[in-house]
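Protein chains in written order, with my numbering: chain F, 896 to 1122; chain U, 221 to 465. Here's the structure, in structure tokens; my notes come after.
This is the structure in structure tokens:
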């Protein structure tokens, strides 16, 4: 697997990964604002957001119809749709594409759900690797607390209830998130994650992120053409 | 078909043969004790697939076997969305391919496997091979498809109804008077003429089926013959499957 830079794309893809409640979405939003305010070509894409696929995913989740296999495949479908219709064309056009979650989310979740890792990776092998992947590493308890404080109504799949880890959604969520964290940590070296200490202040994390982006990408190359 | 009403019927229990997946399989699924038989009928639209299958259902039930029919694109999970996507033709090949795979997996787990576990004869109107052939014609990678469909259960028998492109055209027109967009591969832009497209596309699909045949070893049945001849041939072949060890 190669990165977009290695494949000769003019654009660059930056992904953020981490547990729910790790603060990654806040960080990628601030990164997006920073890049936009510099007048750069930026595009933001979220996991599980393709319109057409979403209706099936929502139905599957609401009615608890999904098995580990269909859960995996439907997310791959969503990803493929966004990848081929949006991400690739924009990367060809020299955009900085920001992804809130990328293939590693699938690798981690599907593996925890006992899908064969080689099968999952095989399915996603049409996708190039991000040029930069930030992994927001927070203490498990901190992430859990952030989610459990703010949104006490946990959804079935989000809490990993389908794995029958515990009849209590909160306990199930804890065990599930703990296992996902293990998967992320196991991938850190292999996929060159840039690990950000997510226990720090938002501003501290953001300055590390911005510094890394500025040092690793030639940002001037992504300037939006004046109309 | 006539069954002697008063004759003392001997209903044969099919020989149990262990099932296996083509590749990685489905997590959490035990393929042991799947006592039913999975029989797949493949072939283009107009190859007589559906007619043959309904005849086989009749024959199976007449012979005392509980039978269930499954087909592509019938899952509760995604079939509606798939229809919508196909109408607008807005999905890329990878997306459409994965969408179909999701639909297939949903049916495999929720219809096919439970029926096999309950000892049913499962007659599948198309299986992974059609999905693979369509994708291969559209340039999807063989290895990628093989991995993806490694989740599929190996059927007890697969019959491919081979019908010449000319016959297919005639049969399609006899039924509909219009050619189907997808069955003619219009999205591939092979020609501006839909008739040419259909003929060329079906030839491309047939070629992929020949390739798949060498890998998956299914039985090619000459579908240019009469309905009765083909059905007799199928029944004869299926009877062997039922007693096979």
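Positions of the beta carbon are idealized from the N, C-alpha and C atoms, including for glycine. In this text, all values refer to a predicted model and were calculated from it rather than measured experimentally.
Tell me where the beta strand (DSSP E) around residue 341 (chain U) begins and ends.
-> 341 to 345
With burial defined as no fewer than 16 other Cβ atoms inside 10 Å of the residue's Cβ, what is the status of residue 352 (chain U): buried or exposed?
-> By the 10 Å Cβ count, residue 352 (chain U) comes out buried.
Nearest neighbour of residue 1116 (chain F), chosen from F:906, F:972, F:1063 [CA to CA] = F:906
Unbroken stretches of the beta strand (DSSP E), 3 residues or longer, contained in the segment 353 to 404 of chain U | 377 to 382
Please check if any C-beta of chain F sits within less than 7 Å of the C-beta of residue 371 (chain U).
-> yes
Can you give the Cα-Cα distance for residue 938 (chain F) and residue 923 (chain F), rounded to whole angstroms?
-> C-alpha separation (whole angstroms): 11 Å.
Backbone CA spacing between residue 241 (chain U) and residue 325 (chain U) [nearest angstrom] | Taking the straight line joining both Cα atoms gives about 13 Å.
Listed by chain order, chain U residues near residue 1115 (chain F) by CB distance under 9 Å | Residues of chain U passing the Cβ test: none, with the nearest at roughly 32 Å.
Distance, residue 1016 (chain F) Cα to residue 1072 (chain F) Cα = 21 Å
Please say whether residue 440 (chain U) and residue 343 (chain U) have beta carbons closer to each other than 7 Å?
-> No. Outside cutoff.
Taking Cβ to Cβ, would you say residue 1025 (chain F) is nearer than 7 Å to residue 997 (chain F)?
-> In this structure, residue 1025 (chain F) lies near residue 997 (chain F), with their beta-carbon atoms less than 7 Å apart.
Reduced DSSP secondary structure (H/G/I, E/B, other) of residue 897 (chain F) = coil
Under 8 Å by Cβ, that's how I've got residue 419 (chain U) and residue 264 (chain U) pegged, so tell me the actual separation to the nearest angstrom.
-> Between residue 264 (chain U) and residue 419 (chain U) the Cβ distance is about 11 Å, and since that is not below 8 Å, they are no contact.
Report the neighbours of residue 318 (chain U) on chain F: residues whose CB is nearer than 7 Å to its CB, in chain order.
-> 968, 971, 972, 975
Run of the alpha helix (DSSP H) containing residue 240 (chain U), from where it starts to where it stops = It is not in any alpha helix (DSSP H) - residue 240 (chain U) carries neither H nor E in the DSSP assignment.
Determine the chain F residues that contact residue 334 (chain U) at a beta-carbon separation under 9 Å, and present them in chain order.
-> Under the 9 Å cutoff, chain F gives no residues; its nearest Cβ is about 12 Å from residue 334 (chain U).
Which chain F residues sit within Cβ distance under 7 Å of residue 315 (chain U)?
-> Per Cβ cutoff of 7 Å: 972, 975, 976, 979.
Kindly list the residues whose CB is nearer than 6 Å to the CB of residue 962 (chain F), restricted to its own chain and excluding five residues on each side of it in sequence; keep chain order.
-> none
Close beta carbons around residue 438 (chain U), own chain, < 6 Å, minus the five adjacent residues each side = 378, 380
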